[in-house]
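K.L.:
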Amino acid sequence: MENQQELMHQLKPNTWVDNYADYLFNYAVARVSDSEIAKDLVQETFFAGLKSAKNYKGDAAERTWLIAILKRKVIDHYRKINSNKGKAEVRMSYSSSIDSDGDWLEEQVADPFSKLENSDLENEELGLAIQECISKLPKKQALVFKMKTIQGISTEDICNELGINSSNLWVIIHRARTALMGCLNTNWF
Amino acid sequence: MISCEKAAKICNKLQYKEASFFEKISLKFHLLICKTCPQFSKKNSEFTSLCEKAHLQSLTEEEKIKMKQELENVNE
Numbered sequence: 001m002e003n004q005q006e007l008m009h010q011l012k013p014n015t016w017v018d019n020y021a022d023y024l025f026n027y028a029v030a031r032v033s034d035s036e037i038a039k040d041l042v043q044e045t046f047f048a049g050l051k052s053a054k055n056y057k058g059d060a061a062e063r064t065w066l067i068a069i070l071k072r073k074v075i076d077h078y079r080k081i082n083s084n085k086g087k088a089e090v091r092m093s094y095s096s097s098i099d100s101d102g103d104w105l106e107e108q109v110a111d112p113f114s115k116l117e118n119s120d121l122e123n124e125e126l127g128l129a130i131q132e133c134i135s136k137l138p139k140k141q142a143l144v145f146k147m148k149t150i151q152g153i154s155t156e157d158i159c160n161e162l163g164i165n166s167s168n169l170w171v172i173i174h175r176a177r178t179a180l181m182g183c184l185n186t187n188w189f
Numbered sequence: 001m002i003s004c005e006k007a008a009k010i011c012n013k014l015q016y017k018e019a020s021f022f023e024k025i026s027l028k029f030h031l032l033i034c035k036t037c038p039q040f041s042k043k044n045s046e047f048t049s050l051c052e053k054a055h056l057q058s059l060t061e062e063e064k065i066k067m068k069q070e071l072e073n074v075n076e
């Protein structure tokens, strides 16, 4: 019986921010495209997770469980901003461009050759895949890689902040990049 | 002739546009002669463009510390 319990996933709320904040944040930003709102949604997700921790049955991994909560938060967010009845109406207007000849309906159909939608989806998946790989890195490598690559902080500033010299920094960056390339290898190269 | 280790370092600097003119030239020269480094160099550049394409976002350390504090406040 005890063995069975050990097999189940357990919640460790004190590790949530370090382990999942960036992953959830990327997921949220892709959906609300405003980093402040996305940040609030992530925080709310953690709150809600704490609150309903006793309902966690352990059959899903911690991250999957948190993503499920975040999904609800994103939906709630859109409900809230669309709560006025008028805003919920779908408005359609005839496209005003001059050279629109032909059937109205035909013109409204999604362009099957448009790569935009698909590539957005693909880029989001890619972003989450990279975040997942980053979360598997040793803590310092992850920190330096994120500061340099994502936040674009200069080498000098990172060295000052972390108390390392620039050769150290490039060694850490090299290890991080090599590990990340290996991690992404199977799916993305 | 620079070592492969040095070449890798320059190659990484190049990904962040921090390689000097002289470093770039010595890297180019090394890539012409070396058998293994061109592969790493190509992959490294591909990885850079993947990172750009993914529009990676992350919270800053301060934001995370604040999040942790707020979580702890609620937990008490």
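Chains E and W are the protein sequences, given in the same order.
Position 41, counted from 1, in the first sequence is what the UniProt record's numbering calls 41; the numbers after and before it change by one each time, with no gaps.
Position 38, counted from 1, in the second sequence is what the UniProt record's numbering calls 38; the numbers after and before it change by one each time, with no gaps.
Ideal placement from N, C-alpha and C gives every residue a C-beta, glycine not left out.
Going by Cα to Cα distance, which pick from SER58/W, SER3/W and GLU18/W is closest to GLU36/E?
P.N.:
When only C-alpha atoms are compared, the closest one is SER58/W.
K.L.:
Can a CB atom of chain B be found closer than 9 Å to the CB of LYS24/W?
P.N.:
In the displayed structure, chain B is absent; the protein chains listed are E and W.
K.L.:
Chain E beta carbons: is any one of them nearer than 9 Å to that of GLU62/W?
P.N.:
no
K.L.:
Figure out for me which residue from VAL29/E, SER167/E and GLN10/E has the closest Cα to the Cα of LEU50/E.
P.N.:
GLN10/E
K.L.:
Using a C-beta to C-beta distance shorter than 7 Å, which residues of chain W count as neighbours of ALA48/E?
P.N.:
In chain order: nothing, as chain W lies at least about 10 Å away.
K.L.:
By Cβ distance, which residues of its chain are closer than 7 Å to ILE172/E, with the 5 residues on each side in sequence left out?
P.N.:
LYS140, GLN141 and VAL144
K.L.:
Return the residue from the list LYS53/W, LYS24/W, LEU14/W and LYS68/W that minimises the CA-CA distance to THR155/E.
P.N.:
LEU14/W
K.L.:
List, in chain order, every chain W residue whose beta-carbon is nearer than 9 Å to that of PRO138/E.
P.N.:
Going along chain W, no residue has its Cβ under 9 Å from PRO138/E, so there is no contact; the nearest lies around 16 Å.
K.L.:
Tell me which residues of the region 39-57 of chain W have at least one Cβ-Cβ distance to chain E shorter than 8 Å, keeping chain order.
P.N.:
Near chain E, meaning a CB-to-CB distance below 8 Å, the residues of the region 39-57 of chain W are LYS43, ASN44, GLU46, PHE47, LEU50, CYS51, LYS53, ALA54, HIS55, LEU56 and GLN57.
K.L.:
List the residues of chain E whose Cβ lies closer than 9 Å to the Cβ of LEU14/W, in chain order.
P.N.:
By Cβ distance, chain E contributes nothing, its closest Cβ being about 11 Å from LEU14/W, past 9 Å.
K.L.:
Can you name the residues of chain W whose CB is closer than 9 Å to the CB of ILE150/E?
P.N.:
CYS51, LEU56, GLN57 and SER58
K.L.:
Between the Cα of THR178/E and the Cα atoms of ALA54/W, LYS43/W, GLU23/W and LEU71/W, which residue gives the shortest distance?
P.N.:
LYS43/W
K.L.:
Considering only residues of the same chain and omitting the five flanking positions on each side of GLU6/E, which have a CB-CB separation below 8 Å?
P.N.:
Residue placement at GLU6/E is poorly supported in this model, since its pLDDT is 44, which falls under 50; the coordinates are not used for a value here.
K.L.:
Would you report the Cα separation of GLU52/W and GLN151/E, rounded to the nearest angstrom?
P.N.:
Answer to the nearest angstrom: the Cα atoms are 12 Å apart.
K.L.:
Report yes if the CB atom of ASN14/E is closer than 9 Å to the CB atom of LYS64/W, and no otherwise.
P.N.:
no
K.L.:
Please classify GLU5/W: does DSSP put it in a helix, a strand, or coil?
P.N.:
helix
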